[in-house]
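>
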Amino acid sequence: MDTASFPTDCYLDAVVSFLSIINYNDTNYTHQERVRNLHYAYAKAAKHFAQPTQQRLIKASPRRLQASLQTIVAMVVYAWVRVDPEVMADLSIHYTYMLVLDDSQDDPGASMQSFYQDLLAGKPQQHPWWQMVNAQFPTVLSHYGPYCGLNLVRSTTDCKEPRKAHNSHVSAHEAKRATVFQGCWIEQHNFQGFPGSYDFPGFLRRMNGLGHCVGASIFPKAQFDEKMLFTEITSVIAQMENWMVFVNDLLSFYKEFDEPRDQTSLVNNYAKCDRITLAEALNKLTRDTIRCSEQIVEVFADKDPSIADTLQTFCQGYVTWHLSDPRYRLRELVNSAAGGDTATAKKFRRYQAASDLVGAVDPKEWAYPPVADLVEDHSVEEAQVATPLVPKTSIHASNTVDAVSKWAKKFWPQEYI
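Here the sequence shown is numbered in the working numbering, starting from 343 and rising by one per residue.
1) Using the rule of at least 16 other Cβ atoms within 10 Å of the residue's Cβ for burial, across every protein chain shown, is Gln581 buried or exposed?
2) What is the DSSP secondary structure of Glu568, reduced to helix, strand or coil?
3) If we ignore side chains and look at the alpha-carbon of each, how far apart do Ile363 and Gly557 end up?
4) Round the Cβ separation of Tyr660 and Val589 to the nearest angstrom and send it over; I've been treating them as touching at under 8 Å.
5) Report the CB separation of Cys555 from Leu494 in whole angstroms; it is logged as a contact under 8 Å.
6) Any idea what DSSP makes of Phe360, helix, strand or coil?
7) Please state whether DSSP places Tyr540 in a helix, a strand or coil.
8) Residues in the same chain with beta-carbon distance under 7 Å from Lys626, minus the five sequence neighbours each way, listed in chain order, please.
9) Could you check whether the segment 646–660 touches the segment 396–415, counting it as contact only if at least three pairs of C-beta atoms, one from each stretch, sit closer than 8 Å?
10) Using the three-state DSSP reduction, which class does Asp355 fall into: helix, strand or coil?
11) Suppose contacts are defined by Cβ-Cβ distances below 8 Å. Is Ala702 in contact with Ser747 by that definition?
12) If contacts are defined as beta-carbon pairs under 8 Å, then Ala745 and Val700 qualify, I think. What distance do you get, rounded to the angstrom?
13) Kindly indicate which three-state DSSP category His515 falls into: helix, strand or coil?
14) If we count Cβ pairs, one from each stretch, closer than 8 Å, do we get three or more for the segment 658–675 versus the segment 689–698?
15) Jot down the residue ranges of each uninterrupted alpha helix (DSSP H) in the segment 609–689, minimum 4 residues, whole runs only, in chain order.
16) Quick check: the Cα distance between Ala421 and Ile560, rounded to an integer number of angstroms?
17) Please give the ranges of any alpha helix (DSSP H) in the segment 368–411, keeping only runs that are unbroken, at least 4 residues long and fully inside the region.
18) In the DSSP assignment, find the unbroken alpha helix (DSSP H) run with Leu309 in it and report its ends.
19) At what residues does the alpha helix (DSSP H) containing His485 begin and finish?
20) Taking Lys706 as part of the alpha helix (DSSP H), name the residues at either end of that continuous run.
21) For Ile575, which three-state DSSP category applies?
22) Which of helix, strand or coil does DSSP assign to Asp591?
23) Can you tell me the Cβ-Cβ gap for Met474 and Tyr439, rounded? I've got them flagged as a contact below 8 Å.
24) Following the continuous alpha helix (DSSP H) through Glu718, name the residue where it begins and the one where it ends.
25) How many angstroms separate the CA atom of Trp472 from the CA atom of Val442?
26) Just the C-alpha distance for Pro562 and Ile400, rounded to the nearest angstrom, thanks.
27) If you reduce the DSSP assignment to three classes, tell me which class Ile560 lands in.
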């Protein structure tokens, strides 16, 4: 990262403003609870991706797959706080497939030639990613009621004809995943839109943002009655579409700044299509992120307590994941770009410290056995899986002292703890 060219002051102002608005203070878990759920979700997901079929079809080394798993498992466990650990594990598998696709550099053109014909006939797709996702998706759907499930699989395409397929869940899912697949396909061309095409940035970002999928997936049928909470769940899905996208783009702006593969970010596309500077585009994203955050608090303040609590814990955990996960590299701003004594820099360091104290858990505590070991030993059924904790249902905060990670205690001075 060339920090000299990075708009540090502008970015820190944006991040601190957002974190202040949401009153960032993650008390979702004790350290023990976090580690136990991390290990349970990781162990099941690692066994899944160590299977011979997955290893044959995924063009990623076990080391790279290990990093992807650790990132996604942390995202799900940190944010999907109120779901059963079994749901956490299955969602970790599902969203890891999304990350594998997002990081892919393969041209999908050839394997997509017969996509629609195969879809109508119920034949296996030619693209290996589709084959793997379609095989696993019914397991995810089994955790949800019909309405949330429909939001997970729905598509802009007509799904009536695909019912002739052998598995209707697979056909509907193929249609839904086509949207994400197409978005990643566009991003591979690094196309930021044409100047004056004001609708393009939102079009592309909604296409691969998975906001509806995420919004529906935080309400599994074991914890939520979608008939009784129909209007609340629908509103959450609507709000989550933009909130999740905006937060992700804001907190990933640093890592994507000079990454050639990530130049189709929302900020860059705003600048190109709206004919504005990068600083103005970042300010626009910040305003949108804050506006969505305020709406979530206002809209659900007087609704069912379980909905408000689920959203509160999700939003706090989703932010913790971004701040503490190595993939987003925000900790670099503490020692380099954010090394000044400005009030904003000091606030950022405190927010980063607060995140690390709960979210920066050493992978050695939970990400075992390594994928490489499971691949080498095909007897994956013998892998030890910890007994999961019961889902977090209390709306009371966890004890802050019990939540501090061992790694963070070593990294951060006592004044931050």
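We treat Cβ as the ideally placed atom computed from N, Cα and C, and that holds for glycine.
The structure says:
1) Residue mapping note: residue 581 aligns to position 239 of the sequence shown, counting from 1. By the 10 Å Cβ count, Gln581 comes out buried.
2) The sequence position of residue 568 within the sequence shown is 226, counting from 1. Coil at Glu568, not helix or strand.
3) Numbered from 1 along the sequence shown, position 21 holds the residue referred to as residue 363. Numbered from 1 along the sequence shown, position 215 holds the residue referred to as residue 557. Each residue's alpha carbon lies about 21 Å from the other.
4) On the sequence shown, position 318 is the one that residue 660 refers to. On the sequence shown, position 247 is the one that residue 589 refers to. Contact holds; Cβ gap of about 7 Å.
5) For the purposes of this step, residue 555 is taken as residue 213 along the sequence shown, with counting starting at 1. For the purposes of this step, residue 494 is taken as residue 152 along the sequence shown, with counting starting at 1. So it is a contact: roughly 5 Å between Cβ atoms.
6) Residue 360 sits at position 18 when you count from the first residue of the sequence shown. Three-state result, Phe360: helix.
7) Here residue 540 is taken as the residue at index 198 of the sequence shown, counted from 1. Coil, per DSSP.
8) In the sequence shown, residue 626 corresponds to position 284, counting from 1. The residues are Tyr612.
9) no
10) Locating residue 355 in the sequence shown gives position 13, counting from the first residue. It is helical.
11) As a first step, residue 702 must be located in the sequence shown, where it is residue number 360. As a first step, residue 747 must be located in the sequence shown, where it is residue number 405. Going by C-beta atoms, Ala702 is nearer than 8 Å to Ser747.
12) Position 403 of the sequence shown, counted from the start, is the residue given in the question as residue 745. Position 358 of the sequence shown, counted from the start, is the residue given in the question as residue 700. That pair is a contact at about 5 Å.
13) By 1-based counting over the sequence shown, the position of residue 515 is 173. The predicted model places His515 with a pLDDT of 42, which falls under 50 and marks its position as unreliable; any figure quoted below should be read in that light. Three-state DSSP puts His515 in a helix.
14) yes
15) 620–642, 647–666 and 674–677
16) For the purposes of this step, residue 421 is taken as the residue at position 79 of the sequence shown. For the purposes of this step, residue 560 is taken as the residue at position 218 of the sequence shown. Spanning the two alpha carbons is a distance of roughly 9 Å.
17) 373–391 and 394–399
18) Lying outside 343 to 759, the shown extent of the chain, residue 309 is not represented and no answer is given.
19) Position 143 of the sequence shown, counted from the start, is the residue given in the question as residue 485. No alpha helix (DSSP H) holds His485; DSSP gives it neither H nor E.
20) Position 364 of the sequence shown, counted from the first residue, corresponds to residue 706. Counting along the chain, Lys706 falls outside any alpha helix (DSSP H), and DSSP gives it neither H nor E.
21) For the purposes of this step, residue 575 is taken as the residue at position 233 of the sequence shown. In this structure, Ile575 counts as helix in the three-state DSSP scheme.
22) Along the sequence shown, one-based indexing puts residue 591 at 249. Helix.
23) Stepping through the sequence shown from its first residue, residue 474 is reached at position 132. Stepping through the sequence shown from its first residue, residue 439 is reached at position 97. So it is a contact: roughly 6 Å between Cβ atoms.
24) Position 376 of the sequence shown, counted from the start, is the residue given in the question as residue 718. Glu718 -> alpha helix (DSSP H) spans Val713 to Glu718.
25) Position 130 of the sequence shown, counted from the first residue, corresponds to residue 472. Position 100 of the sequence shown, counted from the first residue, corresponds to residue 442. Distance between the alpha carbons of Trp472 and Val442: 12 Å.
26) As a first step, residue 562 must be located in the sequence shown, where it is residue number 220. As a first step, residue 400 must be located in the sequence shown, where it is residue number 58. The alpha-carbon atoms of Pro562 and Ile400 are separated by roughly 29 Å.
27) Position 218 of the sequence shown, counting from 1, holds the residue named residue 560. Note: Ile560 maps to coil in three-state DSSP.
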